[in-house]
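**Q**
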Amino acid sequence: MTRMSLGRGLTYLALSLVSFISVFPFFWMIIGATNTSADVNLGKMSFGTALFDNIAHFFSLFDVPRVLLNTAGIAVAGTALTLLVCSLAGYAFEVFRTRYSERLFALFLLMLSIPFSALMIPLFIMISRAGLINTFAGVILPGIASIFIIFYFRQATKAFPHELRDAARIDGLKEWQIFLYVYMPVMRSTYAAATIIVFMANWNNYLWPLIVLQSNDNMVITLIVSSMRSGYNPQQGAIMVATIIATLPTVIIFFLLQRRFVEGMLGAVK
Amino acid sequence: MRLPNTEVTFLGAKAMAASRLSRGELINGWLFMAPAIVLVGIFLIFPILWSLWMSFQVGRGMNFTFGGFANIVRLTQDPVFQRALGNTILFFVVQVPIMLTLAALMAVALNDPSLRFRGLFRTAIFLPCVASLVAYSALFKSMFADAGLINNALLSLGLISEPIYWIRDPFWAKVLIITAITWRWTGYNMIFYLAALQNVDRSMYEAARIDGVPAWARFVYITIPMLKPVILFTSVTSTIGTLQLFDEVVNITEGGPADATLTLSLYIYNLTFRFMPNFGYAATVSYVIVVAVAILSLAQFYIARDRRKS
């Protein structure tokens, strides 16, 4: 019996330690935002009084509202387009299967894990030839059709009841009406989970915006957080403020929609 | 993410051979798929083929001439490429096993229904996945500063006698990157293990426990074999992720010191946007990643299929 509880105690200890390590950097971020740059560099682990100075400094470096608007705009537009295009395709690949669409889908799956690094150069040349460098369209367009999200919707569509479709057709609904008025409302939890993953990916995207966006007016949050690290005297306190702002939306989404969040991550693997 | 069960796809295709779709349905079906097909064609299929073509071209900027295998020969003579390749391989060979072992152990501990505060632990361990890569890189960079928090903590615990130069020392910079990635992705992988463990028949554990099988043996002989497909899945996705490592090395160490944390993706970026642009050679380096990813995906597919037959 003592052996059991010893093991149990070690389990609690280990889990507590790992939980602490997992959560600690978030505390560090909040504490850091209240300290001066020098104190952050010295690892000061108590709240300071520099929070408002740090916020003021951050807002003086960048047009923060504009950056947030840019980031949110790109993330919302990108997410909406991805969900629309990919859910239409995922639905159609499942419901309107033909020999050819099955072959096409198999080809898509082959390309599921093509690394972005291999697309980066041609995409950059294409986007600059199209005159889309430094535009939001240039950031959004290449990411709209995601094979993973198409696959995710196709898998989910397998659970969409045939009877609903049949009933809707007997009622005289056209195919697009069935999709809009029957499929979309019925599949809202699938849409919710997909929204979370796609929105997060867009909000947190770094490499592609780094390539496409080049003027100060068009920056997104990841780019300014990254740009603050360079220079002779990086303002650590202000960096912490920026990091909080960059992390906040995804943390909020996570705590509000924890279950859907995890569902979205597990995605098609179920 | 995961490759689908081809058997099902083929059966599906056979059943559909004599298409029962009406003309209207056919038209609607292709119309629904059209935007995705066009976009995948333009932004995925075309670039990946163009990139392949580019990898046989030599020259600066957009002035290409056909160079045959010149770029591949250059790979073998390029110490920076070999450095980047070596670092990338080192990162996944060391980091992926550490992370997946941790993830599996956490998942097993959390899967015990009699454990208290399970939800709390799970949420805490999962939390790092919420941080954006750039944001958490900034946090790690400041925590691991020369006179920073981690060094202070290690010094005051007496674990080290002088500060470790995490960002400036080639060896410790690698350790730092590995630590950072492990922090960010362990909880993510743990979720997959937890989901898989929930499908494992609990009575088998009970029987083993009653027979006096110790906990470690239950883990090795029951849990691990049951988790095999997920272990495979997470190792392949993690390796693919590590092959594309970029955000962290840029934002924590900038690939330094002296290229000690340079990765293939960062080298491609540098070749394209930082140095005199050499698209052909950069495309060749990117195809090294494509080939590695393809081999890994095939390996996963092959092993998963074998398992299903037996």
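Protein chains in written order, with my numbering: chain A, 15 to 284; chain B, 1092 to 1401. Just so it is clear, CB atoms sit at the ideal spot from N, CA and C, and this is done for glycine as well. Note that this is a predicted model, so its numbers are computed, not measured.
Between the stretch 68-78 of chain A and the stretch 247-266 of chain A, do at least 3 Cβ pairs fall closer than 8 Å?
**A** Verdict: yes, contact present.
**Q** Could you spell out the range, first to last residue, of the alpha helix (DSSP H) harbouring threonine 261 (chain A)?
**A** Taking the first sequence and counting its residues from 1, one reaches residue 261 (chain A) at position 247. From DSSP, the alpha helix (DSSP H) with threonine 261 (chain A) extends over 250-270.
**Q** Looking only at C-alpha atoms, which of B:Val1266, B:Ala1286, B:Leu1357 and B:Tyr1312 sits nearest to phenylalanine 1324 (chain B)?
**A** Locating residue 1324 (chain B) in the second sequence gives position 233, where the first residue counts as 1. Comparing Cα-Cα distances from phenylalanine 1324 (chain B) to each of B:Val1266, B:Ala1286, B:Leu1357 and B:Tyr1312, the minimum goes to B:Ala1286.
**Q** Report the start-end ranges of each alpha helix (DSSP H) in the stretch 128-212 of chain A that is 4 residues or longer and not cut off at the edges.
**A** Qualifying alpha helix (DSSP H) stretches, in chain order: 131-143, 150-154, 161-171 and 176-184.
**Q** Determine the burial state of glutamate 177 (chain A): buried for a count of at least 16 other Cβ atoms within 10 Å of its Cβ, exposed for fewer.
**A** Here residue 177 (chain A) is taken as the residue at index 163 of the first sequence, counted from 1. The residue in question, glutamate 177 (chain A), is exposed, as its Cβ has fewer than 16 Cβ neighbours within 10 Å.
**Q** Determine the burial state of arginine 1111 (chain B): buried for a count of at least 16 other Cβ atoms within 10 Å of its Cβ, exposed for fewer.
**A** As a working mapping, residue 1111 (chain B) is identified with position 20 in the second sequence. Exposed, since its Cβ has fewer than 16 Cβ neighbours within 10 Å.
**Q** Does any CB atom of chain B fall closer than 7 Å to the CB of valine 32 (chain A)?
**A** In the first sequence, counting from the first residue as 1, residue 32 (chain A) sits at position 18. Valine 32 (chain A) counts as touching chain B.
**Q** Roughly how many angstroms lie between the CA atoms of methionine 125 (chain A) and phenylalanine 1137 (chain B), to the nearest whole one?
**A** On the first sequence, position 111 is the one that residue 125 (chain A) refers to. On the second sequence, position 46 is the one that residue 1137 (chain B) refers to. Methionine 125 (chain A) and phenylalanine 1137 (chain B): Cα-Cα distance of roughly 12 Å.
**Q** Can you confirm whether tryptophan 1141 (chain B), when its beta carbon is compared against all beta carbons of chain A, has any partner nearer than 7 Å?
**A** By 1-based counting over the second sequence, the position of residue 1141 (chain B) is 50. So, interface residue.
**Q** Do you know how far the Cα of threonine 236 (chain A) is from the Cα of isoleucine 128 (chain A)?
**A** One-based indexing of the first sequence puts residue 128 (chain A) at position 114. One-based indexing of the first sequence puts residue 236 (chain A) at position 222. If I take the Cα positions, the gap works out to 23 Å.
**Q** Nearest chain A C-beta to leucine 1045 (chain B) closer than 7 Å, yes or no?
**A** Any property of residue 1045 (chain B) remains undetermined from this structure, which presents chain B solely from 1092 to 1401.
**Q** Determine the DSSP secondary structure at valine 1099 (chain B), reduced to helix, strand or coil.
**A** If you number the second sequence from 1, residue 1099 (chain B) lands on position 8. In this prediction, valine 1099 (chain B) scores a pLDDT of 45, lower than 50, which makes its location untrustworthy; the coordinate-derived value is nonetheless stated afterwards. DSSP places valine 1099 (chain B) in helix when its eight states are reduced to three.
**Q** Using a 10 Å radius around the Cβ and a threshold of 16 neighbouring Cβ atoms, would you call asparagine 49 (chain A) buried or exposed?
**A** Here residue 49 (chain A) is taken as the residue at index 35 of the first sequence, counted from 1. Buried, by the Cβ-count rule.
**Q** Checking contacts by CB at 7 Å: is isoleucine 1380 (chain B) closer than that to chain A?
**A** To locate residue 1380 (chain B), count along the second sequence from 1; it is residue 289. Output row for isoleucine 1380 (chain B): interface = yes.
**Q** Specify, as a first and last residue, the run of the alpha helix (DSSP H) that isoleucine 1255 (chain B) falls within.
**A** Counted from its first residue, the second sequence places residue 1255 (chain B) at position 164. First-last for isoleucine 1255 (chain B): undefined, no H or E at that position.
**Q** Taking C-beta pairs closer than 9 Å, name the residues in chain A that threonine 1363 (chain B) reaches, listed in chain order.
**A** Residue 1363 (chain B) sits at position 272 when you count from the first residue of the second sequence. Those within 9 Å of threonine 1363 (chain B) in chain A are Met134, Ile135, Phe138 and Ile225.
**Q** Which residues in chain B have a C-beta closer than 9 Å to the C-beta of leucine 79 (chain A)? List them in chain order.
**A** Taking the first residue of the first sequence as 1, we reach residue 79 (chain A) at position 65. Note that residue 79 (chain A) is proline in the sequence shown, not leucine. Those within 9 Å of proline 79 (chain A) in chain B number zero; the least Cβ separation is about 19 Å.
**Q** Under the rule that 16 or more other beta-carbon atoms within 10 Å means buried, what is valine 1311 (chain B), buried or exposed?
**A** For this step, residue 1311 (chain B) is matched to residue 220 along the second sequence. That one is exposed.
**Q** Suppose only complete runs of 4+ residues qualify. What are the alpha helix (DSSP H) ranges in the stretch 1325-1393 of chain B, listed by chain order?
**A** Qualifying alpha helix (DSSP H) stretches, in chain order: 1355-1360.
**Q** If the cut-off is 9 Å on Cβ atoms, which residues from the stretch 1224-1249 of chain B count as contacting chain A, listed in chain order?
**A** Under the 9 Å Cβ criterion, the stretch 1224-1249 of chain B contributes Leu1224, Val1225, Ala1226, Tyr1227, Ser1228, Ala1229, Leu1230, Phe1231, Lys1232, Ser1233, Met1234, Ala1236, Asp1237, Ala1238, Gly1239, Leu1240, Ile1241, Asn1242, Asn1243 and Ala1244.
**Q** Check whether the Cβ of phenylalanine 72 (chain A) lies closer than 7 Å to any Cβ atom in chain B.
**A** For the purposes of this step, residue 72 (chain A) is taken as residue 58 along the first sequence, with counting starting at 1. Answer no: the Cβ-Cβ gap between phenylalanine 72 (chain A) and chain B never drops below 7 Å.
**Q** List, in chain order, every chain A residue whose beta-carbon is nearer than 9 Å to that of tryptophan 1274 (chain B).
**A** Start at 1 with the first residue of the second sequence, and residue 1274 (chain B) comes out as number 183. Here the neighbours are Ile35, Ser36 and Pro39.
**Q** Methionine 125 (chain A) touches chain B at which residues, Cβ-Cβ below 9 Å?
**A** Working through the first sequence from its first residue, we reach residue 125 (chain A) at position 111. In chain order: Val1131, Leu1135, Ile1136 and Ile1139.
**Q** If we count the other Cβ atoms within 10 Å of its Cβ and call it buried at 16 or more, is valine 1327 (chain B) buried or exposed?
**A** Position 236 of the second sequence, counting from 1, holds the residue named residue 1327 (chain B). Buried, by the Cβ-count rule.
**Q** Counting only beta-carbon atoms, is alanine 1390 (chain B) nearer than 7 Å to chain A?
**A** Reading the second sequence from its first residue, position 299 is the one you call residue 1390 (chain B). No, alanine 1390 (chain B) lies away from the interface with chain A (no Cβ there is under 7 Å from its Cβ).
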